[in-house]
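**Q** Shown below is the structure under consideration.
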Amino acid sequence: GQQVMQIPQYQHVQEGEDFTTYCNSSTTLSNIQWYKQRPGGHPVFLIQLVKSGEVKKQKRLTFQFGEAKKNSSLHITATQTTDVGTYFCASGNTGKLIFGQGTTLQVKP
Amino acid sequence: GAGVSQSPSNKVTEKGKDVELRCDPISGHTALYWYRQRLGQGLEFLIYFQGNSAPDKSGLPSDRFSAERTGESVSTLTIQRTQQEDSAVYLCASSRLKGSTEAFFGQGTRLTVV
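Residue numbers (my numbering), protein chains in the order written: chain A, 263 to 371; chain B, -2 to 111.
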């Protein structure tokens, strides 16, 4: 079935360092969504990418969708302690929304 | 309501008992999802409802799990003869359209089987 693989599983960074999480699929994705889950909270939608090669920015966050629409990345520039949480990619190719395993980001002040 | 509402927020049950979890989606959202999240783990897809179509039950882990949804309203997830391995947070989400629009999550039901 449809799967999206996400790496790394964990990332510890010093505040101010950059962070990147990657999402990969063996099949072409119709879209990719990114969510953030704070500790003890529920996933919250960040963005959706639909077009091949699409790049979107939200302040210090940059989202990319690969040319082949099989991979995506989320990059955070100059992390802050408020960035702590788990970042999930998700895709709704077949209607149902399937999530990657998530990348948990820890930021040391 | 303004968001997805789930009840109860916490449930402690004895092994072998049945439990019923409720989800009230955002009004007008045709798609509704149930996920299971074990401690420190990712989101495990359970079931997906889209309008009046037959639900996608491909993620239900065993026949002890079932879910219903009436039209585009409330959904209930039922777990029969609960086992300790069922302990997890059960998250419900709804979206305006299937798979291609933002999903809004409820706060989840934390289920503990003792």
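Glycine included, each C-beta is placed from N, C-alpha and C at the ideal position. Only a predicted model underlies this, so the values are computations on that prediction, with no experimental measurement involved.
Can you check whether the C-beta of G13(B) is within less than 9 Å of a C-beta belonging to chain A?
**A** False, the Cβ-Cβ gap to chain A never drops below 9 Å.
**Q** Provide the residue(s) that pair with R66(B) in DSSP beta bridges, ordered along the chain.
**A** In DSSP, R66(B) forms a bridge with S72(B).
**Q** Note down the Cα distance separating Y297(A) from Q268(A), rounded to an integer number of angstroms.
**A** Using only the alpha carbons, I get a separation of about 13 Å.
**Q** Taking Cβ to Cβ, would you say H337(A) is nearer than 9 Å to T348(A)?
**A** No, they are not a contact pair.
**Q** Got a sec: is the Cβ-Cβ distance from L359(A) to anything in chain B below 9 Å?
**A** L359(A) counts as touching chain B.
**Q** Using three-state DSSP, classify Q273(A) as helix, strand or coil.
**A** Strand.
**Q** Counting only Cβ pairs nearer than 7 Å, list the residues of chain B close to Q363(A).
**A** Ordered by position in chain B, the residues that pass the 7 Å Cβ test against Q363(A) are G39.
**Q** How many angstroms separate the CA atom of T282(A) from the CA atom of L359(A)?
**A** So the alpha carbons of these two residues sit roughly 22 Å apart.
**Q** F210(A) CB to nearest chain B CB: under 9 Å?
**A** The requested residue 210(A) does not occur in the structure, where chain A is confined to residues 263 to 371.
**Q** Should A340(A) go down as buried or exposed, given a rule of 16 or more other Cβ atoms within 10 Å for buried?
**A** Flag for A340(A) reads exposed.
**Q** Quick check on Q34(B): does DSSP put it in helix, strand or coil?
**A** If DSSP states are grouped into helix, strand and coil, Q34(B) belongs with the strands.
**Q** Given a limit of 9 Å on CB to CB distance, which residues of the region 284 to 305 of chain A reach chain B?
**A** So the close ones are S292, N293, Q295, Y297, Q299, G303, H304 and P305.
**Q** What number of angstroms, rounded off, separates the C-alpha of T10(B) from the C-alpha of Q38(B)?
**A** T10(B) and Q38(B): Cα-Cα distance of roughly 22 Å.
**Q** Any contact between the region 30 to 47 of chain B and the region 74 to 89 of chain B? By contact I mean 3 or more CB pairs, one from each, below 8 Å.
**A** In short, these stretches touch, since the Cβ pair count reaches three.
**Q** How would you list, in chain order, the residues of chain B whose beta-carbon sits under 8 Å from the beta-carbon of F350(A)?
**A** What F350(A) touches in chain B: G39 and L40.
**Q** When DSSP labels each residue in this structure, what does T290(A) get in the three-state scheme?
**A** DSSP places T290(A) in coil when its eight states are reduced to three.
**Q** Could you pull out every residue in the same chain whose Cβ sits closer than 6 Å to the Cβ of Y30(B), ignoring the five residues on either side in sequence?
**A** Once the five neighbours on either side are set aside, the close Cβ partners of Y30(B) are Y45 and A90.
**Q** Does the region 60 to 71 of chain B come close enough to the region 16 to 24 of chain B that 3 or more CB-CB pairs lie under 8 Å?
**A** Cβ pair count under 8 Å is three or more, so yes.
**Q** Going by DSSP in three states, D60(B) sits in which element: helix, strand or coil?
**A** Three-state DSSP puts D60(B) in coil, outside helix and strand.
**Q** At a CB distance below 8 Å, what residues from the region 73 to 106 of chain B approach chain A? Give them in sequence order.
**A** Within the region 73 to 106 of chain B, the qualifying residues are L88, A90, S92, K95, G96, S97, T98, E99, A100, F101, F102, G103, Q104 and G105.
**Q** Could you tell me whether the Cβ atoms of I294(A) and V317(A) are closer together than 9 Å?
**A** No; because the gap between Cβ atoms is not below 9 Å, this pair is not in contact.
**Q** Mind checking if F307(A) is an interface residue toward chain B, Cβ cutoff 9 Å exclusive?
**A** At least one chain B Cβ lies under 9 Å of F307(A).
**Q** Taking the beta carbon of A64(B) as the centre, do at least 16 other beta carbons fall within 10 Å, making it buried, or is it exposed?
**A** Per the 10 Å Cβ criterion, buried.
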